[in-house]
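What follows is one structure encoded as structure tokens, with my remarks underneath.
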Amino acid sequence: MPEVALYDRQGEKVGQVALAEEIFGAKVNHDLIHQAVVTVERAMSQDSARSKRRHEVHLTKSKWYRQKGTGRARHGARSAPIFVGGGVAHGPSGPRRRPKMTRKMRRRALFAALSAKMHDGAITIVDEVAMDEISTRRFVAMLDDLGVSGRILMLLGPDEARDEMVYKSGRNIPRVVLRESPHINARDVIAAEAIIISRAGVEALGEGVDADA
0 MPEVALYDRQ
10 GEKVGQVALA
20 EEIFGAKVNH
30 DLIHQAVVTV
40 ERAMSQDSAR
50 SKRRHEVHLT
60 KSKWYRQKGT
70 GRARHGARSA
80 PIFVGGGVAH
90 GPSGPRRRPK
100 MTRKMRRRAL
110 FAALSAKMHD
120 GAITIVDEVA
130 MDEISTRRFV
140 AMLDDLGVSG
150 RILMLLGPDE
160 ARDEMVYKSG
170 RNIPRVVLRE
180 SPHINARDVI
190 AAEAIIISRA
200 GVEALGEGVD
210 ADA
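Oh and the sequence shown: position 189 is 188 in numbering that gives the first Met the number 0, straight run, nothing missing.
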């Protein structure tokens, strides 16, 4: 099991923490990660857009004007896609078949994404993120002390994620997403530029792996 530095809220190193090789040292399979991201995004989309084809538009089917003698281009029905009010060529056709992944594939994609972020040095492990008051200012100061910026994903333990002071302090910070570990997916991980995981979040990830085994 690899060991990485453990930091406190002020960004000071306070020790080492062991991480599961299966989660943070897995083989990075980019194709599997891509498949997982596409699956999540397709599941999130409403996927109900649909346009009318030429044969579905209720306009006269008679020829607009005679073929010859007008000096104009030849045209047939007014429902052709080139006319305003006509049908749509190659438009959306309604609900599409949504891709699916097995539970094992989703887990492997998540571990591959976490391993890729760990390899890139984008993951910081903190001892705890508990707050004694609701304060966005102090929450931002903690992020600054930890040296993270951009799109930030925070993985918290179950108790921390349900802590009202933590949740309300961080919920309205732009580009900061709070998630309860292990209830995340590969898209959450890939979308983040920096990831902060509390010690309780690391333990919850490990327990989730054991429960699925």
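Beta carbons are placed, not taken as given, at the ideal position from N, Cα and C, and that holds for glycine.
Neighbourhood of residue i by C-beta, 6 angstroms cutoff - its chain only, sequence neighbours within 5 removed
i    : result
R161 : none
A4   : K12
R198 : D126
Contact set for residue i: own chain, Cβ-Cβ below 7 angstroms, skip 5 residues either direction
i    : result
A259 : Any answer about residue 259 is impossible in this case: the structure gives the chain only from 0 up to 212.
DSSP three-state assignment for residue i, whether helix, strand or coil
i    : result
Q9   : coil
Q15  : strand
E179 : strand
E127 : coil
R105 : helix
A250 : With the chain represented from 0 up to 212, any question about residue 250 goes unanswered, as that position is not in the structure.
Pairwise C-alpha distance: residue j and residue i
i    : j   : result
A112 : T59 : 55 angstroms
P94  : A48 : 7 angstroms
A88  : G68 : 29 angstroms
Among the options, the one whose alpha carbon lies nearest that of residue i
i    : options                   : result
R65  : H57, V56 and G75          : G75
W63  : R137, G85 and L154        : G85
E40  : A185, A193 and I194       : A185
S148 : M117, E159, I195 and S44  : I195
V27  : E132, M104, R137 and D144 : M104
Whole-number beta carbon distance between residue j and residue i, since they are thought to touch under 8 angstroms
i    : j    : result
V125 : D7   : 7 angstroms
P91  : S134 : Contact flag wrong, Cβ pair sits at about 46 angstroms.
A115 : P157 : 25 angstroms between Cβ atoms; not a contact.
M153 : V175 : 7 angstroms
I22  : A108 : That belief does not hold up - the Cβ atoms of I22 and A108 are roughly 12 angstroms apart, past 8 angstroms.
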